[in-house]
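Chemist: Here you go, one structure.
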Amino acid sequence: MKIAIIKIVGSIDASKDEKRTLDLLRLRKKNVCVLVDKKPEILGMIEKIKRYVCAGEIDNDVFKLLIEKRGKSAGKNMPINISSDKIIDWINKFREGKAKFEDLGIKPFFRLHPPIGGFRKSMKVFWPTGVLGWQGKEINVLIKRMI
158 MKIAIIKIVG SIDASKDEKR TLDLLRLRKK NVCVLVDKKP EILGMIEKIK RYVCAGEIDN
218 DVFKLLIEKR GKSAGKNMPI NISSDKIIDW INKFREGKAK FEDLGIKPFF RLHPPIGGFR
278 KSMKVFWPTG VLGWQGKEIN VLIKRMI
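205 is the number that this note's numbering gives to position 48 of the sequence shown; each next residue is one higher, with no gaps.
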């Protein structure tokens, strides 16, 4: 299972540990998405930086759309020209852990636009109800709006 993590809030007030965790996950700027394995270590990192990011499980359709629209080549910051069949085969291997981003020749992070229609509003009550934290399958809707 792969998890998409998107940095939503800037890290100007973050502690050293939070900044280091964001850097280890390659989340250096706002509106950047990375894809990682669902491991206890990664879930602990997400728990540490949940004030700055949203995370959830990504679907194959959204994964393919993300690579086609926002994937950049590793050498230059150019769009990639790869067939849909090759992308689908690579996604299946990537989900099994047998492929890496370098095999496809793209950068391991995706720069996204701010979401069309804005973020979901956050209510300041006993618990936050905004877009930050663990989103589960709802992150697919957010990624589609940000592509």
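Note that CB positions come from ideal geometry on N, CA and C, so glycine has one too.
Is the stretch 197-210 touching the stretch 283-302, taking contact as three or more C-beta pairs under 8 Å?
Modeler: Judged by Cβ distances under 8 Å, the stretch 197-210 makes contact with the stretch 283-302, as three or more pairs qualify.
Chemist: CB-CB under 8 Å to K221, same chain, minus the five flanking residues each way: which ones, in chain order?
Modeler: S241, I244, I245, I248
Chemist: Would the stretch 172-179 and the stretch 254-272 be scored as touching if the rule is three or more Cβ pairs under 8 Å?
Modeler: no
Chemist: According to DSSP, simplified to helix, strand and coil, what is D194?
Modeler: strand
Chemist: Between which two residues does the beta strand (DSSP E) harbouring V210 extend?
Modeler: 210-214
Chemist: What did DSSP end up calling I203 once you bin it into helix, strand or coil?
Modeler: Assigned with DSSP and collapsed to three states, I203 falls in helix.
Chemist: Just reading off the beta strand (DSSP E) that F258 is part of, what are its end residues?
Modeler: In the DSSP assignment, F258 falls outside any beta strand (DSSP E) and lies within the alpha helix (DSSP H) extending over 258-261.
Chemist: Taking Cβ positions, are K229 and I237 nearer each other than 8 Å?
Modeler: yes
Chemist: Can you tell me whether I203 is buried or exposed, with buried defined as 16 or more other CB within 10 angstroms of its CB?
Modeler: buried
Chemist: Have a look at E214 and F251 and give me their C-alpha separation to the nearest angstrom.
Modeler: 14 Å
Chemist: Taking the alpha-carbon of G262 as reference, which of N217, F276, I224 has the nearest alpha-carbon?
Modeler: When N217, F276, I224 are compared, the shortest CA-CA separation from G262 is found for I224.
Chemist: Provide the residue span of the beta strand (DSSP E) that contains R185, from first to last.
Modeler: Counting along the chain, R185 falls outside any beta strand (DSSP E), and DSSP gives it neither H nor E.
Chemist: DSSP state of E276, grouped into three classes?
Modeler: Before going on, a small fix: residue 276 reads as Phe here, not Glu. If DSSP states are grouped into helix, strand and coil, F276 belongs with coil.
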